[in-house]
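Structure record follows, encoded as structure tokens.
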Amino acid sequence: MDSILREEQEENRRKNNKWGIRGSPASNDFKSPGDPKFMEAFELSPEESEDVLFKEAWLTYFWRRAQVNGLEEDIAKERLQFWINRSAHSPTSHDAVDVEQGLMELRKYGIEHRLWEASRKEIDHESSPSNARKSPAH
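Sequential numbering of the sequence shown, starting at 241, is according to this note's numbering.
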């Protein structure tokens, strides 16, 4: 039983290592001294905190939409849960780094663009003549 648990932990570590966001199992990996997360976290100004909270909400929104639309199914659920869990505490400098990495990840996977394309197709489909409803005759 222990070997099965170890295998699952190792698999999760390998899977999450590709995104390496603090708070994931990959965060247990060694951080180099040049890594901003290696430094002690510090409090943010009210403006910086607001910015981080906005970006966390943005990431939560887009990962939820990705999950609903079936984009990157293997990671969307995990990312959504990760960002939901993050909103429960006051942000620190580490969180500021994490949201920037999270936004880069959204760009890397093209989530925003792919969701925009999907919504355009849906709108085009709904407005096509074959789908237009005829108004009842008076």
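By construction, the Cβ of each residue, glycine as well, lies at the ideal position given by its N, Cα and C atoms. The structure presented is a predicted model; accordingly, all values stated were derived computationally and were not measured.
1. What number of angstroms, rounded off, separates the C-alpha of E362 from the C-alpha of L355?
2. Buried or exposed: which applies to K348, given that a residue is buried once 16 or more other Cβ atoms fall within 10 Å of its Cβ?
3. Residues in the same chain with beta-carbon distance under 7 Å from L284, minus the five sequence neighbours each way, listed in chain order, please.
4. Just to confirm the assignment, what range does the alpha helix (DSSP H) spanning P286 have?
5. Based on the DSSP secondary-structure assignment, which residues constitute the bridge partners of E283?
Once the coordinates are examined:
1. 11 Å
2. exposed
3. V292, P331, T332, S333, A336
4. 286–308
5. T332
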